[in-house]
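Protein chains in written order, with the UniProt record's numbering: chain A, 1 to 421; chain B, 1 to 421.
Virtual Cβ for every residue (Gly too), placed ideally from N, Cα, C.
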């Protein structure tokens, strides 16, 4: 029993996109304990796709296709699979109905092109796409061979995989051994520093512990293999506990947690509210906060004070200060935080001002210099960061994360002081 | 004559890493005009690697391997290729010398493991690695079949490809032609609708035209093959011109353009400025605008009015209106746009209010209902969108894009009116 991933799309052969679908599916197959020995990439070409199907169906029992399910003439994954197994295509009324309904909801007309998406090989079932118009299929063209097809759009493919394909596969006996994992998340510590602190854990066999880092965040993935999910998590739990103890406040959460969701929980737990003032991030901090569903409970809003006039008029930053020390300074960060806090009448005010680059840096104030301001009722502080000239997107991203992290540390430490006293 | 990429490494099958090497090589092959129809990923396993070599050598003339050249026992790409073509391995003194010298420079001793890296099939030449210890090889195991091997470390592979493999291939008659491409970008039209409008172009052979869609954006890629880059672009130009004519205002740009960068250019060209008011996007629109380097020339700032109190106090939205028709309404969008425009004293005011979900939807106002407000000196309008319940991230993303798109259309049409009058 083994699976094989076949990615269909000329854009992959031209190198226009990275094959992130194959990585996602590979991780998923590993977690389900389904062996997987080959991946193929092939263009939107019927003859070559048939060659790929021939090779794959000869050596694997579960073929997972992504791409080529759209409405245009170069989308021909479904019809080529049907042709390879000499099976006629039939129109599925449930797909027509689904597409028509989705188009109606968006006030659009279904075109003849979309009708093509309702054709599946005889005997195949629709693999429902809750998001886009292109459904996939589940088909057993012959005994001991299962075919799943997914659209190439990663967000659609992932939802269909997790909500429909995985439960289907489990009922068919695939994925019985389970690999479960837990990802611990860290902010404010480098990968090498964290690796030194927890180096003894990297020799463990089950669970294993592996470090990852991207965009300023460090992660430790703890993975265990066992007969059930519960048994796997039971192996993970004591290791996670010890890792958290060693890392202390640098560990901000796990798995689906984000700095924003953790800050949201802390604000909710302390019945406090937040407003923000952003300069170089231009809305990125607000976007992170409001990416959390239900964020209206703790986040009131903010001011994007990109221009200095907005800093003065809407936040009350002093023009004299701007002239004397410039917009990228500790004192302006503090005035921004205090200003937005008092105007929006919130418990906390959080601000960011910095130089994201590529232009605007000087020797005294280089690209990557960022100040975070944090205002409470009785206190206002600021924090200086030097993130370096690592690209505008990078500086903006880590600035917003660091702002959230400073607020997180402040609330966590006030909570422990409370408990300690 | 066609090439094939074979990526060797169990870490790819486990999904631990993205196959960025395959994307890089695919782009390079496209630029060189070397046809390339298949990619394979296979683990560090001799039997399965032989299967992959069998399939690839049967259909392609240039096999490009990455990975499995290191010193450890699980690195077995070279020996497996040699075994497949029944050729003995021989030790290359020049490789031994090179590795010994590199180790000496770093003050390290060469180990017996490294000796393995000096073994190549009889008749193969070393493909020099100027960076790391693992060299690759160039080999013709039989007429009309060339094999190149590269280490899996992307930085080493890329240098070896560009400095050694490409010149080698060119002297052997590969890569005489060039494929260049141009991606046209569209907003406000569905993939199927656009495909119908330009369907006759999909049959072109050189250049080819192919549609793509993701996150609400539709793209047409025009690719041409010719003897030089200039000749390829000369083939693309008339097709691009005709596609732009057919698509009209729905085509907003090409290649690296974004809706925000195009809006920025239009604002700069018309010497006008922008301020924004965001509710459901919570800063996402501001983030898009400020992702454009130099955006401070046209973007003054904005107000994230997440809470209704902020809409009233900072934007002047009437509390009576909020009570009567609710925050997600055309009139509130208009009041937000006018409010931010007058407070920040800009040419344009742009606003977004909507229901991003997953909660908060009703029958009358479902998840995905979004209003965009656009205010100028003498006029304020609004636009209603129903994006559907396709996930919070999706709704927020397409809302911000649609807001930029409405402003773009407004400026473009005022410019053409100006020209027309």
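Residue 154 of chain B does not reach chain A, its nearest Cβ partner there being about 12 Å away, counting only Cβ pairs nearer than 8 Å.
Contacts with chain A at 8 Å (Cβ-Cβ) include residue 211 of chain B.
Of all residues in the stretch 223 to 254 of chain B, those with a C-beta nearer than 8 Å to a C-beta of chain A are 223, reading in chain order. Contact of residue 215 of chain A with chain B is not assigned, every C-beta pair being separated by 8 Å or more.
Within the stretch 213 to 280 of chain B, the runs of beta strand (DSSP E) that reach at least 3 residues and sit entirely inside it are, in chain order, 217 to 226, 251 to 254, 274 to 278.
Residue 377 of chain A is not bridged by DSSP to any residue.
At least one C-beta of chain B is nearer than 8 Å to the C-beta of residue 22 of chain A. Between residue 201 of chain A and residue 251 of chain A, the C-beta gap is not smaller than 8 Å, which leaves the two residues out of contact.
One Cα belongs to residue 238 of chain B, the other to residue 31 of chain B, and the distance between them is close to 21 Å. Burial check for residue 225 of chain B: the Cβ neighbour count within 10 Å reaches 16 or more, so the residue is buried. Judged by beta-carbon spacing, residue 113 of chain B lies within the 8 Å limit of residue 71 of chain B, meaning their Cβ atoms are closer than that value. Taking the Cα of residue 297 of chain A as reference, the smallest distance to any Cα among A/315, A/274, A/129 is reached at A/274.
In the displayed model, residue 187 of chain B falls within coil according to three-state DSSP, outside both helix and strand. Under the DSSP assignment, residue 200 of chain A falls outside any beta strand (DSSP E); it carries neither an H nor an E label. With a threshold of 8 Å between beta carbons, residue 336 of chain A makes no contact with chain B.
Any Cβ of chain B closer than 8 Å to the Cβ of residue 105 of chain A would place that residue at the interface, and such an atom is present. Chain-order list of chain A residues neighbouring residue 290 of chain B: 282, 283, 306, by C-beta distance under 7 Å. Boundaries for residue 82 of chain B: no beta strand (DSSP E) harbours it, while the alpha helix (DSSP H) harbouring it runs 77 to 84, taken from the DSSP string. The beta carbon of residue 283 of chain A is closer than 6 Å to those of 304 in its chain, skipping five residues each way along the sequence. Not a single C-beta of chain B is nearer than 8 Å to the C-beta of residue 129 of chain A. Taking one beta carbon from each stretch, the stretch 157 to 173 of chain A and the stretch 194 to 208 of chain A have fewer than 3 pairs nearer than 8 Å; the two do not touch. Contact between the stretch 39 to 54 of chain B and the stretch 72 to 90 of chain B is present, with at least three C-beta pairs closer than 8 Å. When DSSP reads this structure, residue 137 of chain A sits in a beta bridge with A/126, A/149. Residue environment for residue 21 of chain B: buried (at least 16 other C-beta atoms within 10 angstroms of its C-beta).
Setting aside the 5 residues that flank it on each side, residue 339 of chain B is surrounded in the same chain by 277, 315, 316, 317, each with a C-beta closer than 7 Å to its C-beta; the list follows chain order.
For a Cβ distance threshold of 7 Å, nothing in chain B lies close to residue 331 of chain A: the least Cβ distance comes to about 20 Å. Assigned with DSSP and collapsed to three states, residue 211 of chain B falls in strand. Residue environment: residue 1 of chain A is assigned as exposed (fewer than 16 neighbouring CB atoms within 10 Å of its CB, all protein chains considered).
Residue 266 of chain A and residue 15 of chain A have their C-alpha atoms roughly 44 Å apart. Looking at the DSSP output, residue 304 of chain B shares a beta bridge with A/302, B/278. Scanning chain A for C-beta atoms nearer than 9 Å to the C-beta of residue 406 of chain B yields nothing, as the closest lies near 16 Å away. For residue 154 of chain B and residue 189 of chain A, the gap between their C-alpha atoms comes out near 26 Å. Taking 8 Å as the threshold, the shortest C-beta distance from residue 19 of chain B to chain A falls below it. Residues of chain B whose Cβ lies closer than 9 Å to the Cβ of residue 158 of chain A do not exist; the shortest such Cβ separation is about 11 Å. Using a CB distance cut-off of 8 Å, residue 303 of chain B counts as an interface residue toward chain A. Every unbroken stretch of the beta strand (DSSP E) spanning 3 or more residues and falling wholly within the stretch 318 to 371 of chain A is given here in chain order: 348 to 354.
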